[in-house]
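**Q** Under our numbering, think of the first position of the sequence shown as 300, with each following residue one higher. Below are the structure tokens for one structure; questions will follow.
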Amino acid sequence: MSQAGLLSIKQVIGVRSSVTNGLAFQDEQTVVYIAGGNIVLYGIDQKAQRVIPCSMNTQALTTMTVSPNRRVIAIAERINDRPHVTIYDLQSGKRRKTLQSELIKSNEIVSLLFSSDSKYLLTQGGAPDYTLIYWSWEKGKVMAHIDVKPSTGPQANATVNQVSFNPQDNTQICTIGHGLFKMFRYAESTLKPSQNLKQEHFNFTCHCWISDDRLLAGTDQGKLFVIQNGEILHEIKIDSKSEPRSVTSHHTSDERLGLVESSMDINTSGDHLGKSEIKCIIPFSRGVLVAAGYNKVYMYDRLDDNREYFRRNREILLPIDSTDKSNNERVVSMCLSPSEETLVALTDHQQIYQLSFSGIDITKDIATFSYLTEGYHHAQVTGLDTCVRKQLIATCGVDRSVRLWNYETGTLEVCKEFQEEAYTVSIHPSGLFILVGFSDKLKLFTILIDDLRPFKEFSIRGCREALFSNGGHLFAAVHGNVIQIYSTVTFENITNLKGHNGKVRQLIWSPDDTRLFSCGMDGAVYEWEVATSKRLHEAVLKACGYTGLGLSADSKTVFAVGTDRKIKEIVDAQQILREIPVIPDDVQPTTIALSHTGKSLLVGTSKGTVRSYKFPLTKSDEYTEYIGHVGMINRLRVTFQDEYAVSVGDDGLVILWKLQEVGVSKKEKETTYAEEILITKSDLEEKNSSIRELKQRVAELREENDYQLKLKEMNYAERIRDLTDKFMQEMENLKTKNTVITGEKEKEASKHAEQVHDLIEKQNKELQDLEGSNNQKLMLEYEKYQDLQAKTQKTQEEYERQITELENRKEEEVTRQRMQYTAQLEKLKNDLILEREKNKQQSRDHEETKRQIEEDADEEILKLMQTNEQALIECKDENANLRNKSTTFQRKVKDLEESIKKKDTDLASLKNEESKLQNAIRGLKKDIEGLKKEIQERDETIQDKEKRIYELKRKNQELEKFKFVLDYKIKELKKQIEPREIEIKEMKEQITNMEAELERLSKSNDEEKLKNEELRTKLNASALALQQEKQLKRDSELALKRIKTDIHNCSALITEPKLLTQRVAEIYAQYVRDESTEEATIDQDITKEYARQRDHLERTVRSLKSKVDKDSDRHKMENIRIMQENVTLIKEINDLRRELKSARVKLQDLQTAMGISRKTAARTTEEIVQALNTHQNNHLVKEKQSELENLIQRQRTEIQRLNEQIANIESGTGRTGTAGGGGGGGGRSRPSSGQLPPITSALTAH
């Protein structure tokens, strides 16, 4: 027994759009989607697929989701009418976990989503209960669950469409649906409802989180709502370009809902609402992408404006299908790559599109998708055939298209769409022709490089099965229940094969093309001889309608499948050798195929799986089953080289299977695959003509580019000349400005020296005044201190007396209240003891009385019973009276017990009052302690003030010493002014040298300009003379040509002397001119030359006038600028005067604070340095030193800035004069602040 052939999926051509959220990115270049019963990972750059098969028993796939860490994928499946969630590892393709719970009463899961940390999973069940389950999926544990839809109330008819986690909070969950919008909070192993929105009138189709507390929800009416805390903040209408309306924040949630509902168009039809339905919303960093209506995706940018949350930025359109007039393709799912560079969209026509944002034209508000891969079938695929000479397979389907695929590369070679449905296809073995069956005719097409062109039509209506012979010289076509044989060469109907009573479902040619096998729904399998049109063998089983047929390599055994769910092995097309039932009972075989080696038997089933059976057929369970399609497989073929198997089905997929036959070596290819293509003569001529036109256009463009390049060069040369002129003008301006700045600096230097001298004199005077006022202030402060000390002593004695009185009063009050409450307590205790004794006595009396009465009653009852019944009745009455008395005594006992309880309550209240008094006593003790602390704090404050006075005295002494230090610093500063003045003189000399160099350069430039002007004038004159000479030469040549022509014409008159003489005289009169004419011509040339020179001189005068006007305007603007600078300088001088005045005030205050006077100043430098070292750690000295250092640093920064400014001016005015630009200290200009350069501090040296 041979082993069954091994199958593995090579490529899945198509996608399944019915899976909710059926598109995701694994990484930047890998897209994940569902195709059939498989998970497909498609590499965008590599154009390659990796397939992960789903569960074998899957009845349906409803939704999917990829974890945020992009490691696993969760698939919601329906297995045995129960919902399951299967989690696969995207790297290894292995199954990680299967989740199933009896809490879900529905048979499907409508929505799935992982949490942001990929640890938890939400599953939303379907009708009727819509159970929401919160999973810890790695542990397979249900954390919490809740039924989202209420059984009663206004939301009883609601449905749930989508569920989501808050990306910032895994405990917050949102569910939306038709008439439903709910928020839940996970806490304490339960899901608790939080904010809800009353939305019975809205059908929410999708939503997304746009912040940690705000959502964007879309409806089937084409509206977006911004929702926060269960309230609608904003409404956006998709199909309107007007500005969206905001719902004011002072309304309640119900009022906002009313406002939103009132904004709806009541007259809008249901069809219009369906056109605007929002299918998908995905957020990104700058906003959201919304798929709504037909053929469009809208891009909205997020705004910070609270009145307008989003604004439409761009529309992204799907490619237009020229054959689909309805134009009703919708985007049902979208996803963005992790870098937000690529957008991928899935449509309900089972197409995948992509858009790269880097390739969008930002100037346009419309972009267009492109196919991620070639276009897929978007409906049921009904026809399939393979080619022998080329690596092609042909498919057709209900979507009215015929497609040719390269099964080696998996790419689409040719796609042709028609106005009607194609029923069947058959491709010629050469790969150059294809048969396509339509409802009215069977058409033969030639296969061109990018098109199918009609070649021949055959009047066969509703042909659903056609097949070329193996040699390609014949083809068979089914017309109802008749098989027609045609010649491919002459296109004649050679013969008709009649015998079937039902529809013929499949045809197979024998390898030598002499016989034809057919099967039909009438239960018959026939073997036909084509040459004689005779039926050689037959196998009829009316109880079975055959749907598929396979032929062995030797053409002796036929394998057939049909409606009786059995695989039949028929020998010589007449004897059924064996029947193998297909298990289980719910699986129906639909098609069958054998490899050309006869070693592999493949069967397609109604569940979309492909089975590979072992040979020979013996047992029904000896097969291997592979998951492929979801739905019935319509066709199954094996390629000519037995390398691949191809299957198509109702789900619109084309699956390429890699076939490996065990024990069969690879068959050597006798010939390589053909690469020839057909092209018509008209197409070839058109392409050649197009090539010639393009070449011509390229030559024209090259010439045009050369011309444009020359124009640009001329323009750039003109700009260079303009820039040179502008640069020279700026040099002149900088020269003038430099001169003005130098003069102003000298003036300011002299003014500043005078101001410094005045400032020093004023400072000395202010120091003396400050010393006197400071002594007076110290005396006043000492007197205030004495007064405050006396007041403090008096206040302290008063507080001590009050504290003593409060303590005595407190002791007396505590003693009195203690005695009073003790007496009351003793009295209450005595009363309680008396009441208890009295109660006990009454209880004893009652018991004794009761006992005696019972004894007497017993005696009397005995006596009365012995005497008569009347006595018994009287005894009973007496007994009743006694019972009433007993009841009365019991009531009294209860009253006493209640009185006791009341006394106990009074006692408890007294105890409470006692505790309150104890609390009051403790509060008074705390007050006493607080007063004591306050007295202590006041004592400490007095001590601190005494210490402060001592510190002030000590600081006063330090300030007196600091005065000597300041005098020393003033002297040092004066010494440092002298080198600065020397440096200023050096700068002036350098500026003078630079001005001389600048003047020399200016003269040189003027001379060069004059030379250039003379050369340009000579060049123009030479060009004009050359042009005149050329014109004279052309005129002479033309005249000579005319003379030669006239002489040649005269040769015809050689026989007529008179006419010849007359003609020669006319020629002489025409071409020979006298001297007067020549003189006139010479005079005319002289006049033209004078006119030309006059025009040149007039143009020169006009240009000089314009230069003069420009120079006057420039000088006028320069004067205005100088005036403005003078105003600025005056303002700076006033500011400096104010600063000088404030500095004098500060210096006087400082001298007064230090007690400095000239009489006590240090006489030698050693004493000053000693004083400086002594007060080095004094904080006042440090503060003053820091202030001076900061001033020095600012002055240094200002000097550095001015040096840089001067260097820039030097580089701008004379870049060629390198000698004048050396040295970083040369050519400094006056600071804009009007201050002199800084003077280094002597403190920094120490």
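All C-beta atoms in this analysis are idealised placements derived from N, C-alpha and C, irrespective of residue type, glycine included.
Specify the secondary structure class of R991 as computed by DSSP and reduced to three states.
**A** R991 falls in the helix class under three-state DSSP.
**Q** Give me, in chain order, the residues of the same chain whose beta-carbon lies closer than 8 Å to that of L322; leave out the 5 immediate sequence neighbours on both sides.
**A** V330, V331, Y332, S632, M633, C634, V643, A644, L645, I651, listed in sequence order.
**Q** Between A1322 and Y1370, is the Cβ-Cβ spacing less than 8 Å?
**A** For A1322 and Y1370, no; Cβs fall outside 8 Å.
**Q** If distances are taken between C-alpha atoms only, which option among V824, V857, S832 comes closest to A842?
**A** The option with the nearest alpha carbon to A842 is V824.
**Q** Would you kindly work out how many angstroms separate the C-alpha atoms of K522 and Y599, rounded to a whole number?
**A** Cα-Cα distance, rounded: 13 Å.
**Q** In whole angstroms, what separates the C-alpha of V945 from that of E924?
**A** About 15 Å.
**Q** Between the C-alpha atoms of K994 and E1012, what's the straight-line distance to the nearest angstrom?
**A** Roughly 27 Å separates the two Cα atoms.
**Q** Going by the CB atoms, is the gap between D647 and E673 shorter than 8 Å?
**A** Their beta carbons are not under 8 Å apart, which means E673 does not touch D647 by this criterion.
**Q** Closest to T641 by CA distance: which of Q649, V630, M1078, S657 is it?
**A** Measuring from the Cα of T641, the nearest candidate turns out to be S657.
**Q** Which word fits P637, buried or exposed, when buried means at least 16 other C-beta atoms lie within 10 angstroms of its C-beta?
**A** Classification for P637: exposed.
**Q** With DSSP run on the structure shown, which of helix, strand or coil describes N1004?
**A** Of the three classes helix, strand and coil, the one that applies to N1004 here is helix, per DSSP.
**Q** Since V824 sits in a beta bridge, which residues does DSSP pair it with?
**A** V824 pairs with C818, A838.
**Q** How should G1229 be labelled, buried or exposed, when 16 other C-beta atoms within 10 angstroms of its C-beta is the threshold for buried?
**A** The residue in question, G1229, is exposed, as its Cβ has fewer than 16 Cβ neighbours within 10 Å.
**Q** Here's a check: name, in chain order, each residue in its chain whose Cβ is nearer than 7 Å to the Cβ of T504, leaving out the five neighbours to either side.
**A** Cβ neighbours of T504 beyond the five flanking positions: N460, G517, T518, D519, E576, I577, K578.
**Q** Using 8 Å for Cβ pairs, my map puts V462 next to S410. What's the rounded Cβ distance?
**A** The Cβ separation is near 5 Å, so the contact holds.
**Q** Between which two residues does the beta strand (DSSP E) carrying R1362 extend?
**A** Note, R1362: premise wrong, no beta strand (DSSP E); alpha helix (DSSP H) at 1356-1370.
**Q** Kindly indicate the opening and closing residues of the beta strand (DSSP E) around K578.
**A** Unbroken beta strand (DSSP E) run through K578: 577-583.
**Q** Which residue from D446, P466, G392 puts its Cα closest to that of K491?
**A** When each option's Cα is compared against that of K491, the closest is D446.
**Q** Smallest Cα separation from K898: which of N1502, D884, V886, K913?
**A** For the residues N1502, D884, V886, K913, the minimum Cα distance to K898 belongs to K913.
**Q** Please list the segments of the beta strand (DSSP E) lying wholly inside the stretch 880-945, counting only runs of 3 or more residues, in order along the chain.
**A** Listed in chain order, they are 888-893, 900-904, 908-912, 922-926, 932-937.
**Q** Going by the DSSP bridge assignment, what does T794 pair with across the sheet?
**A** According to DSSP, T794 bridges with I784.
**Q** When you compare only the Cα positions, how much space is there between E1158 and I1152?
**A** Distance between the alpha carbons of E1158 and I1152: 10 Å.
**Q** From M355 to I926, what distance separates their C-alpha atoms?
**A** Their backbone Cα atoms lie some 6 Å apart in a straight line.
**Q** Quick one: what's W436 bridged to in DSSP?
**A** Partner(s): none; W436 has no beta bridge.
**Q** Do C686 and I726 have their CB atoms nearer than 8 Å?
**A** Yes, the pair counts as a contact, with Cβ atoms nearer than the cut-off.
**Q** With a threshold of 8 Å on Cβ separation, who are the neighbours of T1517 within its own chain once the five nearest residues in sequence on each side are excluded?
**A** Legend: pLDDT at T1517 = 40, less than 50; position of this residue unreliable, no value from coordinates given.
**Q** On the three-state DSSP scale, how would you describe N1183?
**A** It is helical.
**Q** Among the candidates G761, E1250, L916, K755, whose CA atom is the shortest distance from the CA of F737?
**A** That would be G761, whose Cα lies nearest to the Cα of F737.
**Q** For F1261, list the residues DSSP reports as bridge partners.
**A** Beta-bridge pairing links F1261 to no other residue.
**Q** Between E437, Y433, K438, which lies nearest to H444 when the distance is taken from Cα to Cα?
**A** Nearest C-alpha to H444: Y433.
**Q** By a C-beta neighbour count over all protein chains shown, 10 Å radius and 16 as the cutoff for buried, is R1493 buried or exposed?
**A** It is exposed - the Cβ of R1493 has fewer than 16 other Cβ atoms within 10 Å.
**Q** Can you look up V546 in the DSSP assignment and give me helix, strand or coil?
**A** Residue confidence is low: V546 scores 40 on pLDDT, short of 50, so the model does not pin down where it sits. Its coordinate-derived value is still stated next. Coil at V546, not helix or strand.
**Q** Using the beta-carbon count (16 or more within 10 Å), is I1429 buried or exposed?
**A** Its Cβ having fewer than 16 others within 10 Å, I1429 is exposed.
**Q** Using a Cβ-Cβ cut-off of 8 Å (strictly less than) and excluding sequence neighbours within five positions of I1059, which residues of its own chain qualify?
**A** Cβ within range, chain order: I1269.
**Q** Rounded C-beta distance between T794 and S758? I'm assuming under 8 Å.
**A** In fact, because the Cβ distance is near 16 Å, the residues do not count as touching under 8 Å.
**Q** So what's G1042 in DSSP terms, helix, strand or just coil?
**A** In this structure, G1042 counts as helix in the three-state DSSP scheme.
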